[in-house]
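Novice: Got a structure for you, written out below as structure tokens; questions coming shortly.
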Amino acid sequence: MLRAVADTHVVIWYIFADPRLSATARTTIEQIAALGNQVAFSSITLAEIVYLIERGRIDVTTLDRLLEALE
């Protein structure tokens with residue numbers, strides 16, 4: 027069951043354990059996953075991540091790490 031939708035920053039910050047992601051957001055994501063539910067993100071998030079990688083604004087491993095996390 028879908029329980030939340032995360033924006034691009036939340037997705038990036040979560041997969042890199044970035045301290046800019048609030049403890050509340052991190053806990054919420056982890057609780058949702060622990061219950062077997064889903065945290066979704068929009069398809070534009072993937073496009074934004076590719077764009078940010080191409081512009082050198084985020085780590086080149088971001089997309090790979092996201093795809094691994096989805097498995």
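So that you can map any letter, position 54 of the sequence shown is 80 in this note's numbering, and since no number is skipped, the others follow by simple counting.
Positions of the beta carbon are idealized from the N, C-alpha and C atoms, including for glycine.
#1: Can you look up residue 43 in the DSSP assignment and give me helix, strand or coil?
#2: Is the segment 58-74 touching the segment 43-50 in the sense that three or more CB pairs, one from each, lie closer than 8 Å?
#3: Using DSSP bridges, identify the partner residues of residue 30.
#4: Which of the three DSSP states, helix, strand or coil, is assigned to residue 81?
#5: Under the rule that 16 or more other beta-carbon atoms within 10 Å means buried, what is residue 75, buried or exposed?
Specialist: So, from the listed chains and residues:
#1: Coil at residue 43, not helix or strand.
#2: At 8 Å Cβ cutoff, the stretches do not touch.
#3: DSSP output for residue 30 lists 65 as bridge partner(s).
#4: In the three-state reduction of the DSSP assignment, residue 81 falls in the coil class.
#5: Counting Cβ neighbours within 10 Å, residue 75 comes out buried, since at least 16 surround it.
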